[in-house]
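In what follows, a structure is listed as structure tokens, so that the remarks can point back to it.
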Amino acid sequence: MTTKRDILITEVALRDGSHAVRHQYTVDQVVSVTKALADANVPYIEVTHGDGLAGSSLQYGLSKVNEMELIEAAASVAGNSKIAVLLLPGIGTLTELKEAASLGAKMVRVATHVTEADVSPQHISLGKELGMEAVGFLMMAHMAPIGKLVEQAKLMESYGADIVYVTDSAGYLLPDQVTERINALKQELQCEIGFHGHNNLSMAMANSIAAIKAGATRIDGSVRCFGAGAGNTQTEALVAVCERMGIKTGIDLYKIEDVAEDIVAPLLPVTPTITREAITLGYAGVYSTFAYHAKRAGKQFGIDARDILIELAKRQVVGGQEDMIIDVAAELAKAKGAVAAK
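Numbers 1 to 342, taken from our numbering, label the letters of the sequence shown in order.
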């Protein structure tokens, strides 16, 4: 193991993994995970509600602990690691961003739908003013033609983003599609390019490696695959694969394996697996966080959660429209009842 880094990994278990625990992280849990990740030499550790700053709500799920307490606690033990926060414009505001920065956050990842980068300039600009690294996070990247993706990425770069991410929020993309998108951004942008993958079709690792080969230098991982849907690219496995390929992450392999096995695994309500709902998310191209909501709505209305997810895909529902899940389930139940009555 060497501290030299060819790529920089952002660990998302304390943000994307928040979905998997229904946003019930405690201060002690965040502190123990952050300390261990920092000891393993992980460069960036993301800490917020799963839906970003100010995400705690009835619609997205209420946090057990105010996220600002979690950010402050993480920053206090992060050592040389940097704390990152996610912000979705329209959920998080400039006020929350300023508070997060004052508590020790060093990076802001401003996430928009892949066609809506124009809602992000003030958040990216403020991040830069606050001395933070600013990242543009283009979610549901499969939902736009490559030309549109490039256009939106260039907008984020023009607002001051240091890095722009291709974000496979649904776990829909295949390796060749990732390669095409990263190549296109590399040709048109001067800033660094990143990739965030989900494992709904068991493609997260292959997609992450495809992104690296195409020139991405920022990659997201989650220890123990801890994340929404079937989880994210597994950090400890990613480190091992990169080491075998001669790609230096600077992360201590044994220590990151120990974090996953000894500290994070006991926090998991269930071991991340590629369930039928997770596969359907990836197959249909639906936001990974919808799995839990669809299962709950399906149980409530007596509908197969997969039918709900497929219908959401047909309607091109995106993150932030979780309230549509109940509406769709009710409509499907009504239609099912009408058919049964004939």
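A virtual CB, placed ideally from N, CA and C, is assigned to each residue, including glycine. The structure presented is a predicted model; accordingly, all values stated were derived computationally and were not measured.
If distances are taken between C-alpha atoms only, which option among the options comes closest to residue i?
i    : options                   : result
A74  : V31, T233, E261 and I308  : V31
I71  : E236, L103, A228 and H142 : L103
A141 : M132, H196, C191 and D220 : H196
T273 : A228, V259 and G285       : A228
K128 : V178, I308 and A161       : A161
P266 : Y44, A206 and Y25         : Y25
N80  : G61, K35 and K255         : K35
D220 : G194, M139 and N199       : G194
A275 : A216, A230, G147 and M132 : It is worth fixing the name first, because residue 275 is Thr in this sequence and not Ala. For the residues A216, A230, G147 and M132, the minimum Cα distance to T275 belongs to A230.
A184 : K255, G147 and R22        : G147
D28  : S76, G61 and L130         : S76
R218 : G90, A78 and V164         : V164
A397 : L94, A105 and T95         : The shown model of the chain, from 1 to 342, leaves out residue 397, and the question about it has no answer.
Which residues in the same chain have their Cβ closer than 7 Å to the Cβ of residue i, if we skip the five residues on either side of it in sequence?
i    : result
V264 : A13, V33, V223, R224 and F226
Y159 : S120, P121, I124 and S125
V114 : L138, M139, M140, A141, M143, A144, L149 and Q152
E188 : V150 and K154
G302 : A333
I247 : D6, I7 and I212
D323 : Q59
D39  : K255
A216 : I182, I193, G194 and F195
Would you tell me roughly how many angstroms separate the C-alpha atoms of residue i and residue j, rounded to the nearest one?
i    : j    : result
Q59  : V110 : 20 Å
E116 : Q300 : 33 Å
E11  : K314 : 32 Å
M107 : E46  : 9 Å
M1   : D168 : Confidence at M1 is low in this model, with a pLDDT of 47, below 50, so its placement is unreliable and no value can be given for it.
L97  : K82  : 15 Å
L8   : S57  : 32 Å
V166 : I182 : 7 Å
N200 : E180 : 20 Å
S288 : M203 : 14 Å
Q234 : N41  : 16 Å
V270 : L37  : 21 Å
V317 : V286 : 8 Å
S63  : V135 : 24 Å
A237 : R22  : 25 Å
V65  : E99  : 16 Å
G55  : Q321 : 13 Å
L312 : K4   : 44 Å
G257 : P43  : A quick correction: the sequence has Glu, not Gly, at residue 257. Cα to Cα, E257 sits roughly 16 Å from P43.
G90  : Y292 : 22 Å
A335 : F290 : 22 Å
G250 : V239 : 9 Å
E69  : K186 : 38 Å
V259 : D252 : 11 Å
E133 : N232 : 23 Å
Leaving out five residues before and five after residue i in sequence, what residues of the same chain have Cβ atoms less than 6 Å from its Cβ?
i    : result
E151 : none
E261 : none
P344 : An answer regarding residue 344 cannot be provided, because it is not within the stretch 1 to 342 covered by the chain.
E67  : T48 and H49
T112 : V119 and S120
A214 : T179, I182 and N183
G337 : none
G345 : Outside the shown range of the chain, which is 1 to 342, sits residue 345, and nothing can be said about it.
A284 : L309, I310 and A313
L268 : none
L130 : A101
G61  : R22 and H23
Apart from the five residues on each side of it in sequence, which residues of its chain come closer than 8 Å, Cβ to Cβ, to residue i?
i    : result
K295 : E277 and A305
Q190 : E157
I308 : A294, A297, G298, I325, V328, A329 and L332
G171 : G197, H198, N199, N200, L201, M203, A204, G229, A230, A278, L281, G282 and S288
Q177 : H142
L94  : Q122, H123 and L126
(Q) Is it the case that the stretch 37-50 contacts the stretch 74-92, given that we only count it when at least three CB pairs across the two stretches are under 8 Å? (A) Contact between the stretch 74-92 and the stretch 37-50 is present, because at least three Cβ pairs lie under 8 Å.
Q.
Could you tell me which whole alpha helix (DSSP H) segments of length 4 or greater appear in the stretch 174-234?
A. Runs found: 175-188 and 204-214.
Q | Segment contact, 8 Å Cβ cut-off, at least three pairs: the stretch 15-23 with the stretch 234-246 | A | Counting Cβ pairs under 8 Å, fewer than three are found: no touch.
Q: Starting from the N-terminal side, write out each stretch of the alpha helix (DSSP H) that is 4 residues or longer and does not extend beyond the stretch 53-88.
A: Runs found: 67-77.
(Q) Which complete alpha helix (DSSP H) runs does the stretch 256-319 hold, if anything under 4 residues is left out? (A) Secondary structure in the stretch 256-319: the alpha helix (DSSP H) runs of 4 residues or longer, each lying completely within the stretch, are 276-284, 290-301 and 305-314 in chain order.
Q | Ranges of the alpha helix (DSSP H) found wholly within the stretch 2-53, counting only runs of at least 4 | A | Fully enclosed alpha helix (DSSP H) runs of 4 or longer: 17-20 and 27-39.
Q) Which runs of the beta strand (DSSP E), 3 residues or longer, sit entirely within the stretch 127-169? A) Whole beta strand (DSSP E) segments, 3+ residues: 133-139 and 163-167.
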